[in-house]
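Residue numbers (the working numbering): 25 to 469. Glycine residues also receive a C-beta, built at the ideal position from the N, C-alpha and C atoms. Right, one structure below, let's go through it.
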């Protein structure tokens with residue numbers, strides 16, 4: 025698609041499934057920062073790198089067991105900010121670090137943990153540090169070097185009696201026990217200044233990365249208990265919470281440094297909640313659009329149904345029905361720069377949802393007229409003549425003389441030459457005829 029032919033005033037709301045991709049059974053996906061490559065973890069333990077420009081497989085990363093067909097499912101993949109490395113978490117409680125540019129030995133690290141993992145992410149400012157969410161314990165930061173240092177991320181103990189509680193609880197005064205380290209889903213803010221931790225008690229804890237101090241605690245609305253995913257917009261200014269409730273909660277993110285005296289400053293500010301007023305079902309996955317203007321959500325269960333809301337107004341804009349063989353959507357990943365999302369089906373296929381483009385040829389020719397359907401066209405006899413004719417001058421002589429003197433001159437010269445040639449031929453013929461007559465008379469005498 026030539027982007028110069030796109031209608032600049034068209035909406036960026038998704039409309040159609042552009043393509044379905046499959047190489048193995050996909051379980052999770054992540055785009056690099058530019059959207060040129062898509063990493064997809066598979067149930068066979070292989071990390072597939074898709075060239076998203078050509079929609080073809082560029083590389084495959086696999087350890088020895090995966091290469092022999094004995095690998096375990098990859099549950100999470102994440103890119104480093106520079107796009108050089110990929111980190112993946114597998115169902116056997118291991119994480120692997122891959123160098124995308126390395127041709128022969130791309131696996132540059134493999135680490136084993138005691139508990140199963142369900143999410144892993146590079147620190148935005150330090151590719152040697154990872155944030156790991158564990159299934160049976162609280163999240164930790166992990167040094168991807170020889171020290172392999174593990175640092176528990178603290179959580180707010182108990183609950184709060186309000187939607188948001190701003191505080192500063194120094195990590196030095198917190199004890200890591202069952203009340204402050206429960207299973208949770210954790211992600212970094214875009215700048216890496218904060219860790220956002222959503223646990224199975226329906227609480228979100230905001231932790232300052234540099235000090236590990238708790239600076240805010242929030243209660244997810246609608247009495248949420250288990251929180252499935254946290255999703256940030258591309259610019260990092262908006263957060264979305266997908267939980268076991270019938271709504272998707274959203275927050276504005278104040279991703280800046282807080283001074284110790286900023287006791288009233290909130291990092292997360294509650295905003296709209298998104299729901300379908302008709303079916304009132306739970307949500308399985310969600311993501312922001314590339315520009316953060318829309319929220320895309322997928323129903324939990326065996327439906328391939330995407331709901332699209334306006335992020336600012338909270339209004340439901342559109343409901344899209346996808347292929348039934350998907351058997352449900354487990355994750356949605358937005359393209360970083362284009363109005364496009366990849367939905368991971370429970371069947372392992374990747375469904376590329378995009379808008380339906382209309383080519384705008386009038387951008388190049390303002391008088392270009394587009395036809396709704398084919399029309400029969402009868403060409404005029406003089407339509408492509410160099411000099412047009414009219415009813416009073418069917419031969420075109422007047423038009424040639426008045427509008428195209430060069431053509432007239434060339435035509436007159438050609439006519440004169442033809443006349444000379446005709447005269448010479450006539451004279452020669454008369455001469456030959458006279459000679460023949462004289463020869464005949466001489467023979468008769």
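One or two residues paired with residue i in a DSSP bridge
i           : result
residue 392 : Residue 392 pairs with nothing; no bridge assigned.
residue 36  : Per DSSP, none; premise fails for residue 36.
residue 253 : 266
residue 62  : 55, 74
residue 165 : 155, 175
residue 276 : 262, 293
residue 119 : 113, 135
residue 229 : 221, 241
residue 445 : For residue 445, which the question treats as bridged, DSSP gives no partner whatsoever.
residue 368 : 355, 374
residue 456 : Bridge partners of residue 456: none, in fact.
residue 43  : 376
Rounded straight-line distance, which links the Cα of residue j to that of residue i
i           : j           : result
residue 69  : residue 96  : 5 Å
residue 467 : residue 405 : 60 Å
residue 44  : residue 377 : 9 Å
residue 448 : residue 401 : 48 Å
residue 326 : residue 304 : 15 Å
residue 83  : residue 75  : 9 Å
residue 244 : residue 192 : 20 Å
residue 319 : residue 352 : 18 Å
residue 148 : residue 111 : 13 Å
residue 267 : residue 321 : 12 Å
residue 294 : residue 279 : 14 Å
residue 63  : residue 80  : 12 Å
residue 237 : residue 225 : 20 Å
residue 323 : residue 392 : 44 Å
Endpoints, the alpha helix (DSSP H) within which residue i is located
i          : result
residue 97 : Premise fails: residue 97 is in no alpha helix (DSSP H) and is neither H nor E.
Residue span of the beta strand (DSSP E) that contains residue i, given as start and end
i           : result
residue 110 : 109 to 114
residue 127 : Premise fails: residue 127 is in no beta strand (DSSP E) and is neither H nor E.
residue 359 : Neither: residue 359 is in no beta strand (DSSP E) and is coded neither H nor E.
residue 142 : 141 to 147
residue 341 : 340 to 345
residue 84  : 80 to 85
residue 331 : 329 to 334
residue 310 : 307 to 312
residue 236 : Run containing residue 236: none; DSSP gives neither H nor E here.
residue 192 : 188 to 193
residue 105 : Run containing residue 105: none; DSSP gives neither H nor E here.
residue 321 : 318 to 323
residue 212 : 208 to 212
Cβ-Cβ separation, residue j to residue i (assumed contact under 8 Å), whole Å
i           : j           : result
residue 261 : residue 308 : About 25 Å separates the two Cβ atoms, so there is no contact after all.
residue 311 : residue 328 : About 15 Å; that fails the 8 Å criterion.
residue 54  : residue 101 : 5 Å
residue 300 : residue 338 : Actually they are not in contact, since the Cβ atoms of residue 300 and residue 338 sit about 12 Å apart, beyond 8 Å.
residue 242 : residue 263 : Contact doesn't hold; Cβ gap of about 10 Å is too wide.
residue 246 : residue 229 : The pair is not a contact, with the Cβ atoms about 19 Å apart (cut-off 8 Å).
residue 254 : residue 211 : 5 Å
Minimum Cβ-Cβ distance from residue i to chain D less than 8 Å
i           : result
residue 363 : No chain D appears in this structure, which consists of one protein chain only.
### Query
Quick check: the segment 215 to 225 against the segment 167 to 176, are there 3 or more CB pairs under 8 Å?
Touching, no, given that fewer than three Cβ pairs across the two stretches are closer than 8 Å.
### Query
Should the segment 108 to 128 be regarded as contacting the segment 182 to 189, the criterion being three or more beta carbon pairs within less than 8 Å?
no
### Message
For the segment 338 to 347 against the segment 355 to 363, do three or more pairs of beta-carbon atoms, one drawn from each stretch, fall closer than 8 Å, so that the two count as touching?
### Response
no
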